[in-house]
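Report on one structure; see the data block that follows.
Residue numbers (UniProt numbering): 1 to 876.
Printed below as a string of structure tokens:
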């Protein structure tokens with residue numbers, strides 16, 4: 001029997017650690033947080049020193065019971081959740097629950113912290129445990145209490161003043177404000193025309209371009225030439241120049257670019273969005289799996305260090321390993337004499353000891369290619385390359401700047417270029433930055449002072465200034481970090497919450513606020529200005545940091561916040577309702593005035609006589625079918641009205657009316673897609689409202705089996721497991737035996753065979769019609785072909801199935817998602833055998849041009865040919 005019990009957050013991590021620690025340790029997972037505030041008013045009591053009422057999270061109750069049982073049999077208990085505030089709080093909650101269950105008598109319980117899941121790091125941590133850090137726990141409790149106090153007091157005000165169901169978050173609201181204010185800035189932006197003048201010339205048949213830098217002694221700024229008339233006047237004088245272009249200045253100098261720091265949580269999310277197209281949430285989930293461990297040749301190994309960090313430090317041992325790797329695999333110039341040292345931009349970069357790095361640089365991406373899925377491979381490769389590059393020499397360039405006189409000494413064109421002399425870190429990795437300065441990497445011919453050059457072309461380009469771009473996930477994360485809104489570990493949650501609440505949407509990978517989001521921020525800006533202020537939010541984060549360091553007590557911080565916030569909530573109870581605008585137009589149904597209102601899917605035109613008059617139309621003028629309403633009758637038991645309504649996700653039936661201000665919503669059930677909407681009647685609606693339906697007790701477990709309609713359609717539920725109901729079965733008629741059969745198929749991973757059509761003419765293998773997770777399909781061996789939407793499982797013929805299978809086989813597909821392995825890439829450089837070979841081992845590199853994306857520099861361009869009267873064309 002194990003005498004030691006170690007408790008972690010996730011089952012994946014538990015599995016890995018069990019292998020590291022051996023038979024003397026029992027390793028169990030808490031499956032995340034085990035306790036949370038009760039979800040009702042009074043969970044935080046400001047009148048009782050902000051006493052917090054917790055309850056065990058229902059879904060994790062069985063895991064808590066398992067932990068308590070194992071703790072009762074163990075001598076030593078080690079709490080090893082993640083090494084941050086949340087992890088510290090989980091450890092504390094587990095200890096409190098075990099104390100409440102009297103499971104700690106005569107036992108030791110200590111906290112264990114490690115930042116990478118490797119055997120040496122874990123064993124070292126277990127050998128040096130510590131006590132739970134109460135300052136870290138209090139910082140997390142303070143954050144949770146603040147979020148609760150804002151949400152449970154401000155959200156009901158939004159329900160009364162704007163629309164039921166809305167919510168306001170302490171951190172999400174300032175983030176939404178960023179998106180809304182950027183949109184308002186874009187809408188107010190007035191584009192400005194400007195022109196640039198260019199000279200095309202050459203030397204020794206090598207062409208190059210130059211741009212007008214100074215005209216008659218006046219420096220040419222971006223907006224100096226503001227119209228075609230101004231350009232035409234300048235162009236005419238340049239065309240009439242009596243002196244040919246002449247080189248009057250050549251300046252050569254070297255410059256270097258240093259590598260970016262290793263990844264923090266924030267920079268990892270930004271770079272994954274830009275380089276890999278992964279969302280912040282997907283990035284963090286993938287990083288978590290790399291941190292917790294991946295099976296490599298029968299051994300589970302954590303591949304990266306802890307991924308919630310704002311530190312850019314690297315352990316000395318890791319740096320030494322990287323320097324040795326660079327020395328062995330690259331030419332001598334690639335290893336800097338001194339170790340590069342980076343400084344964090346974060347005020348409080350201390351919650352983790354290191355930046356995100358590989359646990360060993362010797363585990364190259366190529367060596368892991370067969371053990372990782374696509375997301376894991378791409379993210380690990382990016383982390384590996386960025387970390388290695390951070391310890392390499394700077395890249396070196398030769399730059400040239402040339403001034404060319406035209407017409408007179410006070411009129412100059414300027415050309416510039418650069419040549420990569422030594423790639424350095426760029427041979428491995430270069431940061432992809434949105435707002436980097438544009439660098440001209442074009443080569444210039446060998447120009448010297450006194451060179452007289454030809455005029456191949458003299459022309460202008462028309463530009464228009466562009467508004468600042470909408471936020472992408474990467475630029476929003478960057479802005480959140482710069483303003484101090486939230487902490488890096490919360491960015492993914494902030495972004496997903498804004499989308500889940502439909503306050504903002506992603507359009508072409510850029511955030512746009514919805515009508516609801518605009519109204520919410522307008523209301524908060526007008527009435528709760530301080531609490532959506534960027535500086536106030538950042539200062540509150542700093543106070544939480546002070547609590548985590550033991551510099552401040554958490555109760556006074558909460559008290560100071562609550563006094564002002566509670567007073568303001570009371571003052572704003574009677575403010576006018578925003579978002580309604582009376583129009584000078586009457587309702588075509590009843591003659592009452594129409595108004596512009598905010599609905600579930602944004603703004604619309606509606607009758608002020610609602611609910612007596614239900615006339616609505618979209619802002620575009622069409623009568624709005626999305627707000628349609630049909631009364632089907634009364635429920636025979638409750639006498640409540642049964643309604644057929646249409647929402648943003650389709651039609652649904654509802655029991656009773658929505659009452660403004662009520663927290664409990666009426667019962668709603670989506671109308672099944674397979675049932676014609678025109679056949680909707682009271683009996684059908686009552687059947688739907690009777691769901692979920694219990695079909696009986698499972699013969700093996702004795703637990704109930706239910707059927708219901710969920711987000712992805714009808715399903716069977718049993719003991720936390722779910723199985724979709726095939727189209728051939730009715731949710732209202734399916735019985736216990738059929739439900740148990742389908743659950744068994746789901747458990748074994750098998751598909752549901754609906755029909756056998758016959759044999760394949762080539763190998764006599766059966767051709768079957770099956771039901772899968774994503775709908776019906778035909779199967780022949782390992783080849784699956786999805787049925788078209790207009791073909792039902794009952795109607796498909798053997799001939800049609802053979803055609804579908806042949807077409808699928810021709811594409812090389814099986815119908816199942818699979819990972820495509822890329823051929824192993826060549827290593828950055830082979831280990832040189834001789835000094836000459838070593839010098840030649842420099843990696844090949846390509847220098848990417850960066851793009852300027854500022855409001856004044858981003859332009860639309862059109863060229864104007866050398867002759868003033870020439871036709872204008874748009875530059876693509």
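No residue lacks a Cβ here, since even glycine has one placed at the ideal position from N, Cα and C.
Inset, instruction - Would you kindly work out how many angstroms separate the C-alpha atoms of residue 61 and residue 17, rounded to a whole number? - result: Cα-Cα distance, rounded: 23 angstroms.
Legend entry - Extent of the continuous alpha helix (DSSP H) to which residue 208 belongs: Residue 208 -> not in any alpha helix (DSSP H); beta strand (DSSP E) instead, spanning 206-215.
Inset, instruction - Could you pull the start and end residues of the alpha helix (DSSP H) that residue 732 belongs to? - result: Counted as a single uninterrupted DSSP element, the stretch harbouring residue 732 is not any alpha helix (DSSP H), since DSSP gives it neither H nor E.
Inset, instruction - Can you grab the Cα-Cα spacing for the pair residue 76 / residue 5, in whole Å? - result: The alpha-carbon atoms of residue 76 and residue 5 are separated by roughly 6 angstroms.
Inset, instruction - Would you please state the rounded distance, in angstroms, between the beta carbons of residue 503 and residue 486? I believe it to be under 8 angstroms. - result: Going by Cβ atoms, the distance from residue 503 to residue 486 rounds to 16 angstroms, so no, they are not a contact pair.
Inset, instruction - Could you pull out every residue in the same chain whose Cβ sits closer than 8 angstroms to the Cβ of residue 153, ignoring the five residues on either side in sequence? - result: Closer than 8 angstroms at Cβ, skipping near neighbours: 565, 566, 569.
Inset, instruction - Determine, using beta-carbon pairs with one atom in the region 171-190 and one in the region 398-412, whether at least three such pairs fall under 8 angstroms. - result: Flag = no, the region 171-190 and the region 398-412 do not touch.
Inset, instruction - Specify the secondary structure class of residue 482 as computed by DSSP and reduced to three states. - result: Taken through DSSP and simplified to helix, strand or coil, residue 482 comes out as helix.
Legend entry - Length of the line joining the Cα atoms of residue 593 and residue 576: C-alpha separation (whole angstroms): 19 angstroms.
Legend entry - Close-in-space but distant-in-sequence residues of the same chain around residue 509 (CB under 6 angstroms, 5 per side omitted): Excluding residues within five positions, the ones whose Cβ falls inside 6 angstroms are 472.
Legend entry - Cβ of residue 417 within 8 angstroms of any chain B Cβ: Protein chain content of the structure displayed is limited to a single chain, and chain B is not contained in it.
Legend entry - Cβ pair residue 129, residue 111 closer than 8 angstroms: Their beta carbons are under 8 angstroms apart, which means residue 129 touches residue 111 by this criterion.
Legend entry - Sequence ranges, alpha helix (DSSP H) only - wholly within the UniProt domain "Toprim" (3-113), length at least 4: Entirely contained in the UniProt domain "Toprim" (3-113), the alpha helix (DSSP H) runs reaching 4 residues are, in chain order, 11-21, 61-73, 85-100.
Inset, instruction - Note down, in chain order, each residue of its chain lying with its Cβ closer than 7 angstroms to the Cβ of residue 766, except the 5 sequence neighbours on either side. - result: Hits under 7 angstroms: 756, 759.
Legend entry - Through-space distance from residue 257 to residue 721, alpha-carbon basis: Between residue 721 and residue 257, the C-alpha separation is close to 54 angstroms.
Inset, instruction - Could you check the C-alpha separation between residue 617 and residue 39 for me, to the nearest Å? - result: For residue 617 and residue 39, the distance between alpha carbons rounds to 38 angstroms.
Inset, instruction - Determine the direct distance from the alpha carbon of residue 418 to that of residue 447, and round the result to whole angstroms. - result: Rounded to whole angstroms, residue 447 to residue 418 spans 14 angstroms at the Cα level.
Legend entry - C-alpha distance - residue 28 paired with residue 803, whole-angstrom precision: Residue 28 and residue 803 have their alpha carbons spaced roughly 51 angstroms apart.
Legend entry - Beta carbon of residue 54 nearer than 8 angstroms to that of residue 85: No, Cβ-Cβ distance for residue 54 and residue 85 is not below 8 angstroms.
Legend entry - Spatial distance of residue 764 from residue 63 (CA atoms): Spanning the alpha carbons of residue 764 and residue 63 requires a straight line of approximately 50 angstroms.
Inset, instruction - In angstroms with no decimal places, state the Cα-to-Cα distance between residue 117 and residue 288. - result: Whole-angstrom Cα-Cα distance: 11 angstroms.
Legend entry - Neighbourhood of residue 483 by C-beta distance below 7 angstroms, restricted to the same chain and skipping five residues each side: Closer than 7 angstroms at Cβ, skipping near neighbours: 534, 538.
Legend entry - Among 642, 641, 587, 632, the one whose alpha carbon lies nearest that of residue 615: Comparing Cα-Cα distances from residue 615 to each of 642, 641, 587, 632, the minimum goes to 587.
Legend entry - Closest Cα partner of residue 108 within the set 72, 135, 119: Residue 72 is the option with its Cα nearest to residue 108.
Inset, instruction - Evaluate residue 529 with the Cβ neighbour count: other Cβ atoms within 10 Å of its Cβ, from every protein chain shown; 16 or more gives buried, anything less gives exposed. - result: Exposed, since its Cβ has fewer than 16 Cβ neighbours within 10 Å.
Inset, instruction - Classify residue 738 as helix, strand or coil using the three-state DSSP reduction. - result: Taken through DSSP and simplified to helix, strand or coil, residue 738 comes out as helix.
Inset, instruction - Counting only the same chain and skipping the five closest in sequence on each side, list residues whose C-beta sits under 7 angstroms from that of residue 358. - result: The residues are 303, 304, 383, 384, 387.
Legend entry - Residue closest to residue 536, alpha-carbon to alpha-carbon, out of 175, 136, 522: Checked all of 175, 136, 522; the closest Cα to residue 536 is 175.
Inset, instruction - Given a cut-off of 8 angstroms, decide if residue 480 and residue 142 are closer than it, judged by their beta-carbon atoms. - result: It is not a contact, given that the beta carbons lie outside the stated cut-off.
Legend entry - Spatial distance of residue 98 from residue 12 (CA atoms): Approximately 23 angstroms, taken between the alpha carbons.
Inset, instruction - Measure the alpha-carbon distance for residue 670 versus residue 745 and round it to whole angstroms. - result: In this structure, the CA atom of residue 670 is about 26 angstroms from the CA atom of residue 745.
Legend entry - Extent of the continuous beta strand (DSSP E) to which residue 705 belongs: Residue 705 -> beta strand (DSSP E) spans 704-710.
Inset, instruction - Leaving out five residues on either side along the sequence, give the residues of the same chain with a beta carbon under 7 angstroms from the beta carbon of residue 527. - result: Excluding sequence neighbours, residue 527 sits near 572, 575.
Inset, instruction - Indicate the three-state DSSP secondary structure (helix, strand or coil) for residue 330 in the structure shown. - result: Three-state DSSP puts residue 330 in coil, outside helix and strand.
Legend entry - Nearest to residue 879 (by Cα), restricted to the options 235, 209, 204: Lying before the first or after the last residue shown, residue 879 is absent from the chain, which here runs from 1 to 876.
Legend entry - Cα-Cα separation between residue 436 and residue 49, rounded to whole angstroms: Note that residue 436 has pLDDT 37, beneath the 50 cutoff, so the model's placement of it is unreliable and the number below is only indicative. Rounded to whole angstroms, the separation of the alpha carbons of residue 49 and residue 436 is 49 angstroms.
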